[in-house]
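Notes follow once the structure below has been shown.
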Amino acid sequence: MKRLRKIALPALFLSIALCSCVDDKYDLSDIDMTVGLQVNDLVVPVNIDEIKLETIFNLEGDGHVQVVDGEYVLLENGEFSSEGISIPEIIALAPYVEPIQIVLGESQNSARKVKAYASAEQIELEIPRETTSFNYEVENVDKAVIDIESAKTDFEISLILSIPELNSVLTGVNIKNLSFQLPKGLVIETNDGTYDASTGLFTVGDVRAENNKIELVISATELIFNESTAVFDGVAHTLNFEDELAINGGTLVIGLQDLKPGLTLLDVPAQFTLKVDYTLSDIEVKSFSGKVKYELDGLHVDPIHLEDLPSILNQEGTNIKLTNPQIYLTLNNPIARFKLKAQTGLSISSHFQNAEDRKYTLDENIVLGYDKGNDNYHFCLSPSQPAHYYEGYEDADHVLFSTLGDVLSGPRLPYALDIDMLDAMVPEQTVEDFQLGVDLGDIHGKYTVYAPFSFKGGSDVMYRETVDGWNSEELDNLVIKVLEVSGVVTSELPLEFDLYGHPIDKDGNIHEEVDIEGARILAEAKETPFTMRISGEISHLDGIEFLVMAIADDSGITLSPDLKIYLKDLKVKVSGNYVDEL
Amino acid sequence: MKKYILTVIALSISMCAIAQSTISGYFVDEYTYRYQMNPAFGNDKNFVAMPTLGNIDFSLNGNMSLTDFIYNVNGQTTTFLNPNISAAEVMGNLSDQNKTGFNMKFGILNGGFKAFGGYNTIGINVATNMNVMLPKSIFLLAKEGISNTTYDITDLGAHADAYVELALGHSREIIDNLRVGATLKFLFGAANLDANLDNAYLTLGEDNWTAVTNATIQANMKGLTYTHAFNETTGNEYVDGVEIDTPGLSGFGVALDLGAVYEFQDWRFSAALLDLGFISWSNNYVASTNGNKTFELDKYIFNVDDETANSFENEWEIMKEDLMQLYELDDNGDMGSRTRMLAATMNLGVEYTLPVYRRLTFGLLNSTRFQGKYTWTDFRVSANVAPVDIFSAGINFGAGTYGCSFGWLLNLHMKGFNLFMGMDNTFFKIAKQGVPLASNASFNLGINFPF
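Residue numbers (this note's numbering), protein chains in the order written: chain A, 592 to 1173; chain B, 7 to 457.
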């Protein structure tokens, strides 16, 4: 049996050998396993849901771009303040005043004195007018003080009238019609006499000088410059107050009753000296009426950094001009009670990487009135008065800032904005009773940059995004010859788009040799067909760099999260081949 | 490694191809197993087959050849997927329905003897049939590339069965010149498998892509269970393989071969119907999609917003899940018994004996196998000669469903010893490794002991 099997099986193979011949073209031990798969204009239909703008913007957290009232807005809030408003006191240091000395009576041993005194019950001696002078000088008066009409001050004039030589004889002496010449233009309230500001005459009248001495302290609460000799030089910032002091006259009456016990009039010296000593206080001007002009310092706004803008807006080539951005300001006026206005200009500087800064200046100054007293004052700075003011600024005053819409324009969006207050000041104004030497408070304020994303016609948005990392061993074997994306688009966006796709190889280089036809999507397109096509030999594909160039139309539509793009009949057509070694 | 796998597959095909069916022996004098093609044929001698070597019958039939898939480009052997082979060339070589079938009949023990007024046969054989059909669309997809058209692969299917038959045959001349015969077969099923894509197409339209599948696998084999996998994304448990534990008798059936031979002068007409019967399989393990599973691309709407439920990522995952469901089969379990008809074969022959040299005959034979979508037919003319009493031979040329073929058979039938071998489909070219390049191949070999 086994022998038979041994015969049968070889016979089987022998029969094959006899019947067949070897075809050398087919060697199953050495097969080229190269596999090529073709894709010929394969159309892949794709359904894309409506694309909301909020998906494209993809806002994160509390960045500068926010949604306000359903619209995209560049929104930034901040606060600022000036340094405290204060004009230093004007202090005029007291000058030395030469005393007045008047010799009264006859020479001591004269017969005439004996004859007169012996029989008299009283002696009367006329006091002649005698003067002295003073001079206050102040330099470096604060330059905010432009003119002084009057100054409130604690100015004291102390004078001591004395006749020391009579002290051994008399207990006192009476003086009739005593008057002094004081500086003109003072406001004096006293019971010791009457003062005529226009003449400076201070009339004491009849007065008794106990112990032969009269002390008067005359307090002036105000100095009226145009009635006095005080001169304020608003240019040199000096104050000069120079005038005469005088004992203007009076009659010295010595009676018997004035004599000390046991003495007679003959004991009264025939000749003695009446002395007037003046002591002037410093003149400290607490407040003044006149004119001021005050420069506000330290009015500083921190820069607004815009690095966190959505990437779709924050790329080279994006040049946006906004239709009507607004800056809202809230300011107080700490000097409103003095009926003083303040004003400031404003500029915004846009800072760019590798490009010169651009500066935009407010057309007119912001004028901070005083009609609201201590309440806040609201302003809206914008190219045109908006139909509705931002919440909380309903009573704002509009200030023209015609170039504000261009603040974001440039080679790309600025990375930062600087807001500078220009020439912030209390302009020259007449003031009454303006306090000096006290902190009147600062101007503090809040600002809100509220810039709705309503683009001016011609604004450009350039957006590049690279989607890569696709390359793999399998994809490396793929050669794409045509990649075409087509469809029908309806767009609510006020932007005209040009879309391009540039294939990128695994070395990160853009395939330059391929032909690229971009797709144009018109602004507010209605059921408009579009086609984007890449053709050529695309190998070693690793990704695609998408380039979107958008140009705004003149519709003035503000971008909002709910604006949509509808893509219908979207088709991706692919041709190519895949070659691999299995 | 992949090259080796391909080589092994090709060699497997070649192993099938080394046997010829017995059609070439239909008219050959003293060919021992003609009664298996027509039970009305009786041998002149009694015989007993050499156990396991009495009749080995392999055949590979189909319209796909190795050269449909292996090409030579600039002296290098390569596959049909090579980009240097044009799609037109590959598709030109393929049919709309590409079939291949492997049939084996293996005689364990056979014998024949004269008694009861006729000729009686008894045999125990193992029969195995496997058929695969691949629609052209599959190759179109792979070779021509994906394009916007419809790929219909509905007819993709496979069948396999294996059984042991106990055959008892008897033939006798009932009237002058008319001989009839019948064989009763008792069939013991080992395994049966039918896998079909009842509905499967992929329509890649420009407005929508649609895929539909409707697949069923029916497996009849004792001890078979489907293994499962769990798709975490779809939440479905699906069939991913089979396990066989303690296989055994899985079915039982009965079949009948009927035949008749009528001689008129120099003509002999014959007709036979084989394998008229069925096997009732006791366990029918069904895995199925349970109806059409459909994938519609336009159902998926992608949203560019990553936060939405239908974001690209989420929708892509859903789409992948739905795609997976296309080929996920549910395990329906044992659906009970299943009765399956055998693939019947009809043989119609006419033989003319040359009067001037009666050792030479010419024959015309039509064989048709009825097996649904695997049905085939073959017409064959032959010249058969028996120059001496102990040797006969025949050559034939056939044409049919699977193309043209050339066959032959040599039969040495001395007293006490019989050796035959033959091929219905002679392959004239083989690869370097001996693998036939033709689509059809067969071989028949047997050693028997006549007495």
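Cβ atoms here follow ideal geometry from the backbone N, Cα and C, with glycine treated the same way.
May I ask you to list the residues that DSSP assigns as paired with A837 of chain A? What you label residue 837 of chain A is simply residue 246 of the first sequence in a count that begins at 1. DSSP lists A:T722, A:Q772 as the bridge partner or partners of A837 of chain A.
Name the DSSP beta bridge partners of D340 of chain B, please? Within the second sequence, residue 340 of chain B is the residue found at index 334, counting from 1. Beta-bridge partners of D340 of chain B (DSSP): B:Y291.
By alpha-carbon positions, which one of B:W215, B:D304, B:W322, B:F301 ends up nearest to V310 of chain B? For this step, residue 310 of chain B is matched to residue 304 along the second sequence. Comparing Cα positions, the closest option is B:W322.
Write down the C-beta distance between V391 of chain B and L366 of chain B rounded to the nearest angstrom, noting that I regard them as a contact closer than 8 Å. Numbered from its first residue, the second sequence carries residue 391 of chain B at position 385. Numbered from its first residue, the second sequence carries residue 366 of chain B at position 360. The Cβ separation is near 5 Å, so the contact holds.
Can you find a C-beta in chain A that's less than 8 Å from the C-beta of S27 of chain B? On the second sequence, position 21 is the one that residue 27 of chain B refers to. Confidence at S27 of chain B is low in this model, with a pLDDT of 46, below 50, so its placement is unreliable and the value that follows should be read with caution. It does not: the Cβ of S27 of chain B has no partner Cβ on chain A nearer than 8 Å.
Once DSSP output is grouped into helix, strand and coil, what is the label at A1114 of chain A? Residue numbering aside, residue 1114 of chain A sits at position 523 when the first sequence is read from its first letter. Assigned with DSSP and collapsed to three states, A1114 of chain A falls in coil, not helix or strand.
Measuring CB to CB, does L210 of chain B end up less than 8 Å from I152 of chain B? For the purposes of this step, residue 210 of chain B is taken as the residue at position 204 of the second sequence. For the purposes of this step, residue 152 of chain B is taken as the residue at position 146 of the second sequence. Yes, these two residues count as a Cβ contact at 8 Å.
If we cut at 8 Å on Cβ distances, does L1086 of chain A have a partner in chain B? The residue given as residue 1086 of chain A occupies position 495 in the first sequence. No, no contact with chain B.
Along the chain, where does the beta strand (DSSP E) containing Y157 of chain B start, and where does it finish? Position 151 of the second sequence, counted from the start, is the residue given in the question as residue 157 of chain B. Note, Y157 of chain B: beta strand (DSSP E), 156-158.
Can you pull the chain B neighbours of K1162 of chain A, defined as C-beta to C-beta under 7 Å? Start at 1 with the first residue of the first sequence, and residue 1162 of chain A comes out as number 571. Close partners of K1162 of chain A in chain B (Cβ separation under 7 Å): E212.
Enumerated in chain order, which unbroken segments of the beta strand (DSSP E) with a length of 3 residues or greater are wholly contained in the segment 990-1054 of chain A? Within the segment 990-1054 of chain A, the runs of beta strand (DSSP E) that reach at least 3 residues and sit entirely inside it are, in chain order, 1007-1026, 1035-1043.
Tell me A206 of chain B's beta-bridge partners as DSSP assigns them. Translated into positions along the second sequence, residue 206 of chain B becomes position 200. Answer is B:T219, bridged to A206 of chain B.
Buried/exposed call for T295 of chain B, threshold 16 Cβ in 10 Å: Numbered from its first residue, the second sequence carries residue 295 of chain B at position 289. Flag for T295 of chain B reads buried.
Quick check on S27 of chain B: buried or exposed, where buried means 16 or more other Cβ atoms within 10 Å of its Cβ? For the purposes of this step, residue 27 of chain B is taken as residue 21 along the second sequence, with counting starting at 1. Residue confidence is low: S27 of chain B scores 46 on pLDDT, short of 50, so the model does not pin down where it sits. Its coordinate-derived value is still stated next. That one is buried.
I believe A55 of chain B touches G452 of chain B by the beta-carbon criterion, under 8 Å. Please report the beta-carbon distance rounded to the nearest angstrom. Walking along the second sequence from the start, residue 55 of chain B turns up at place 49. Walking along the second sequence from the start, residue 452 of chain B turns up at place 446. Right, the Cβ-Cβ distance comes to about 7 Å (below 8 Å), so this counts as a contact.
So that I know if they touch, is there some Cβ in chain B lying closer than 8 Å to that of V637 of chain A? For the purposes of this step, residue 637 of chain A is taken as residue 46 along the first sequence, with counting starting at 1. Output row for V637 of chain A: interface = yes.
Report the rounded CA-to-CA distance for L87 of chain B versus M325 of chain B, giving the unit in angstroms. As a first step, residue 87 of chain B is located in the second sequence; it is residue number 81 there, counting from the start. As a first step, residue 325 of chain B is located in the second sequence; it is residue number 319 there, counting from the start. Pairing L87 of chain B with M325 of chain B, the inter-Cα distance amounts to about 29 Å.
What beta strand (DSSP E) runs, 3 residues minimum, are completely inside the segment 58-117 of chain B? Counting only runs of 3 or more, we get 62-68, 76-79, 82-85.
Examine the Cβ distances between the segment 758-770 of chain A and the segment 727-738 of chain A and report whether three or more of them are shorter than 8 Å. With a cut-off of 8 Å, the segment 727-738 of chain A and the segment 758-770 of chain A do not count as touching, because too few Cβ pairs lie within range.
Which residues of chain A have a Cβ atom closer than 9 Å to the Cβ of L303 of chain B, listed in chain order? On the second sequence, position 297 is the one that residue 303 of chain B refers to. Within chain A, the residues placing a beta-carbon under 9 Å from that of L303 of chain B are V635, P636, V637, N638, ordered along the chain.
So if I threshold CB-CB distances at 9 Å, which residues from the segment 282-293 of chain B count as touching chain A? Residues: none.
In chain A, what lies closer than 9 Å to Y306 of chain B by C-beta? Walking along the second sequence from the start, residue 306 of chain B turns up at place 300. Within chain A, the residues near Y306 of chain B are V637, N638.
When DSSP labels each residue in this structure, what does Y463 of chain B get in the three-state scheme? No answer is possible for residue 463 of chain B: it lies beyond the span of chain B, which begins at 7 and ends at 457.
Please report the Cβ distance between G1134 of chain A and D1059 of chain A, rounded to the nearest whole angstrom; I am assuming they are in contact, meaning their Cβ atoms lie under 8 Å. The residue given as residue 1134 of chain A occupies position 543 in the first sequence. The residue given as residue 1059 of chain A occupies position 468 in the first sequence. Contact flag correct, Cβ pair sits at about 3 Å.
Quick one: residues in its chain with C-beta nearer than 7 Å to the C-beta of L773 of chain A, no 5 flanking neighbours on either side, listed in chain order? The residue given as residue 773 of chain A occupies position 182 in the first sequence. Closer than 7 Å at Cβ, skipping near neighbours: I748, Y786, G791, F793, I809, L836.
Taking the alpha-carbon positions, what's the S1151 of chain A to I1101 of chain A distance? As a working note, residue 1151 of chain A is residue 560 in the first sequence. As a working note, residue 1101 of chain A is residue 510 in the first sequence. Roughly 34 Å between the two C-alpha positions.
Label M341 of chain B either buried or exposed according to how many other C-beta atoms from any shown protein chain fall within 10 Å of its C-beta, with 16 as the threshold for buried. Counting from one through the second sequence, the residue named residue 341 of chain B turns up at place 335. Residue environment analysis places M341 of chain B among the exposed positions, since fewer than 16 neighbouring C-beta atoms fall within 10 angstroms of its C-beta.
For G422 of chain B, decide whether its Cβ has a neighbour in chain A, counting only Cβ atoms nearer than 8 Å. Counting from 1 along the second sequence, the entry for residue 422 of chain B is found at position 416. G422 of chain B does not count as touching chain A.
Using beta-carbon positions only, say whether A1114 of chain A and L1138 of chain A come within less than 8 Å of one another. By one-based count along the first sequence, residue 1114 of chain A stands at place 523. By one-based count along the first sequence, residue 1138 of chain A stands at place 547. No, these two residues do not count as a Cβ contact at 8 Å.
Does the segment 328-336 of chain B touch the segment 279-288 of chain B, meaning 3 or more C-beta pairs lie closer than 8 Å? Too few Cβ pairs lie closer than 8 Å, so no.
Let me know the secondary structure DSSP gives N446 of chain B once reduced to three states. Indexing the second sequence from 1 puts residue 446 of chain B at position 440. In the three-state DSSP reduction, N446 of chain B falls in the coil class, being neither helix nor strand.
Any contact of the segment 142-158 of chain B with the segment 171-186 of chain B, i.e. 3+ C-beta pairs under 8 Å? No, they do not touch.
Cβ separation of N450 of chain B and G265 of chain B, assumed to be a contact under 8 Å, to the nearest whole Å: Stepping through the second sequence from its first residue, residue 450 of chain B is reached at position 444. Stepping through the second sequence from its first residue, residue 265 of chain B is reached at position 259. About 19 Å; that fails the 8 Å criterion.
Hey, is T921 of chain A's beta-carbon within less than 8 Å of any beta-carbon in chain B? Start at 1 with the first residue of the first sequence, and residue 921 of chain A comes out as number 330. No, no contact with chain B.
Taking C-alpha atoms, which residue in A:I682, A:A827, A:F1088 lies nearest to A1141 of chain A? The count along the first sequence starts at 1 and reaches residue 1141 of chain A at position 550. Cα-wise, what sits closest to A1141 of chain A is A:F1088.
Please decide whether E150 of chain B counts as near chain A, where near means a Cβ-Cβ distance under 8 Å. Here the question's residue 150 of chain B lines up with position 144 in the second sequence. Yes, its Cβ sits closer than 8 Å to a Cβ of chain A.
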